[in-house]
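Numbering (the numbering used here), first residue to last: 10 to 167.
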């Protein structure tokens, strides 16, 4: 049986190391080439509460309560504005004003509301937020779309 000399072992190790480097490069290139939607990020606790989505969520809620649909539209994607207009038609102006009055009575200070945010899931240009509601055992959910102007509230899609 032939013996392997020291030089042969070095070449074998060098070839093995080169194959590992090429494999790592391929994995890096392939993962970078994955669509943004395939990469999900889950934020919980303080990270979720300090997220850009949390900022928009609180701004949208307060604008909706204080200024109505026109004020909330500043923080909403066009698809959410359309959804809100359809809801206004379905429930009527009186129903919308009743909802605003109820939300105003139950509204928490922004920092208290922020502490109710439990998680934010980001998948590419879409995000989903869950927060405790003023009703025990009920979660408020919100969807978000990344736009040229930043994150905006959007219809929920799961």
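Cβ coordinates follow ideal geometry from the N, Cα and C atoms, glycine included.
query = What's the gap between the Cα of residue 159 and the Cα of residue 79?
reply = The alpha-carbon atoms of residue 159 and residue 79 are separated by roughly 18 Å.
**Asked** Can you give the beta carbon distance from residue 127 to residue 57, rounded, assuming they're within the 8 Å contact cut?
**Response** 7 Å
> Who does residue 140 pair with in a DSSP beta bridge?
Replying inline: DSSP lists 126, 149 as partners of residue 140.
Open item on the list: Please state whether the Cβ-Cβ distance between residue 74 and residue 123 is less than 8 Å.
Closed with: Their beta carbons are not under 8 Å apart, which means residue 74 does not touch residue 123 by this criterion.
What did DSSP end up calling residue 165 once you bin it into helix, strand or coil?
coil
Legend entry - Three-state secondary structure (DSSP) of residue 157: coil
- Message: Quick check on residue 100 - is its C-beta less than 8 Å from some C-beta in chain B?
- Response: In summary, chain B is missing from the structure at hand, where a single protein chain is found.
Tell whether a beta-carbon distance below 8 Å holds between residue 163 and residue 86. Yes, Cβ-Cβ distance for residue 163 and residue 86 is below 8 Å.
- Message: Measuring straight from C-alpha to C-alpha, what distance separates residue 156 and residue 134?
- Response: One C-alpha to the other measures close to 8 Å.
*Determine the closest residue to residue 83 out of 143, 65, 96, with distance taken between C-alpha atoms.*
In terms of Cα proximity to residue 83, the closest of 143, 65, 96 is 65.
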